[in-house]
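Some notes on the structure that comes next.
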Amino acid sequence: MTDLTPRKRAVVFGYHNVGVRCLKVLLAGGVDVALVVTHEDNASENIWFESVISLCQSEGIPYITPADAKSPELLEQVKAVQPDLMFSFYYRNMLPAELLAVAPAFNMHGSLLPEFRGRAPVNWAVLHGATETGATLHEMTVKPDAGAIVSQMEVPILPDDTAHEVFGKVQVAAEQALWRVLPSLLGGTAVRRHNDLSKGGYFSGRKPEDGRIDWSQPAQQVYNLHRAVAPPYPGAFTDVGGVRYVIERARFRDHLSNDFCRSLPLGLTVVDNCIFGVCGDGRALTISALTADGVPVTAQQLQARLAA
């Protein structure tokens, strides 16, 4: 028997890897994606992620890239589609109340709400030493990341995971969280769970300058900073003698204790042809890849520079 139930029509606001993967989930789930709202790539940004525009082009999905999510033109374009549902998958702009009133709207957030609400949730989770995070699909409200939760999927953060590695896990978690709830969401039977805003907290976006290392901090905190902003993000850095050194790869091990570091100055140093970052608690990071003003530097080169 042929299923004559009309497909649900959706407008998707999306960008980044999560935008690509979740858009594919909607298509696989039989959703009629009538319009995608996305961003043009910024030429000054390190684009290491997949393209929503490329997916739209390959699938024949209409897409637009408005500069302002609050523009009357965008509101009229979305209304003209007459969507049954709207989704936001890592779209970078907040949607105004007038737009959210067009149809029920759901956002995919890269944390286990209510934890790490706001911007750059994966980076903040790693920076704070969290051992678990995930993805949450929730109802959209004017207040960011405040709506009822409809689906969550958790992933572990291992002790040496960088934010980029964790983001790869969160991307899969987002796909799973959406796939799991999509049938009930389309059928209007999805269960809502309270998003307790008395827990967790809001976090702002991060800037490259936030990667500056304070060597007086304990080694675990410095290591968490490195992990949170390691490439393809701008990296944790320190300035010595007018040169900016960026840590590309490092590890932290407890056996590099006070006995080893007692006579060493805080910051970058070289011992036995190995680069270390000595921290305020008398422990150190072992640095296996370091750049100086964007150029890789060896232990011998660093030692010569520090002795000059």
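If you read the sequence shown in full-length UniProt numbering, its first letter stands for residue 1, the second for the next number, and so on. All residues carry an ideal CB built from backbone N, CA and C; glycine is no exception.
Query	Result
Alpha carbon to alpha carbon, how far is Lys8 from Leu186? Give it in angstroms, no decimals.	7 Å
By the three-class DSSP mapping on this structure, what secondary structure does His194 have?	coil
Let me know the beta strand (DSSP E) ranges lying completely inside the UniProt domain "Formyl transferase N-terminal" (29-182), each 3 residues or longer, listed in chain order.	32-37, 85-89, 105-109, 132-139 and 149-156
Quick check: the Cα distance between Thr2 and Gly30, rounded to an integer number of angstroms?	Annotation note: pLDDT 42 at Thr2 (below 50); position unreliable, no value reported.
Looking at C-alpha atoms only, which residue of Val142, Asp145 and Ala173 is the closest neighbour of Met153?	Ala173
Measuring alpha carbon to alpha carbon, tell me which residue in Ala10, Thr38 and Asp32 is nearest Val20.	Thr38
Using the C-alpha atoms, what's the distance from Val18 back to Thr136?	12 Å
Let me check understanding here. Comparing Cα to Cα, which of Ser88, Gly241 and Ile53 lies closest to Asp145?	Ser88
Could you tell me whether the region 117-129 touches the region 214-226, where touching means 3 or more Cβ pairs closer than 8 Å?	yes
Using the Cα positions of Asp161 and Ala120, report the straight-line distance between them to the nearest angstrom.	16 Å
What number of angstroms, rounded off, separates the C-alpha of Thr298 from the C-alpha of Leu290?	8 Å
Ignore the nearest five residues each way along the sequence and tell me which others in Cys274's own chain have a CB closer than 7 Å to its CB.	Thr286 and Ala299
Is it buried or exposed, Pro6, if we count other Cβ atoms within 10 angstroms and call 16 or more buried?	exposed
Going by DSSP in three states, Cys279 sits in which element: helix, strand or coil?	coil
Is the separation between the beta-carbon of Ala125 and that of Asn93 shorter than 8 Å?	no
Straight-line CA distance for Phe13 to Leu95?	9 Å
With distances taken Cα to Cα, identify the nearest neighbour of Pro62 among Gln77, Val36, Ala228 and Tyr245.	Val36
Thinking C-alpha only, which one of Leu268, Pro232, Glu115 and Val278 is nearest Gln301?	Leu268
So, helix, strand or coil for Ala219, using DSSP?	helix
In whole angstroms, give me the CA-to-CA distance for Gly147 and Gly211.	31 Å
Comparing alpha-carbon positions, which option in Val271, Leu266 and Gln176 lies nearest Cys279?	Leu266
Closest by CA to Ala250, which one among Val240, Gly277, Pro104 and Lys207?	Gly277
With Arg305 as the anchor, note down where its alpha helix (DSSP H) starts and where it stops.	Ala299 to Ala307
For Pro208, does the three-state DSSP call read helix, strand or coil?	helix
Express the C-alpha separation of Leu158 and Lys169 in angstroms, rounding to a whole number.	11 Å
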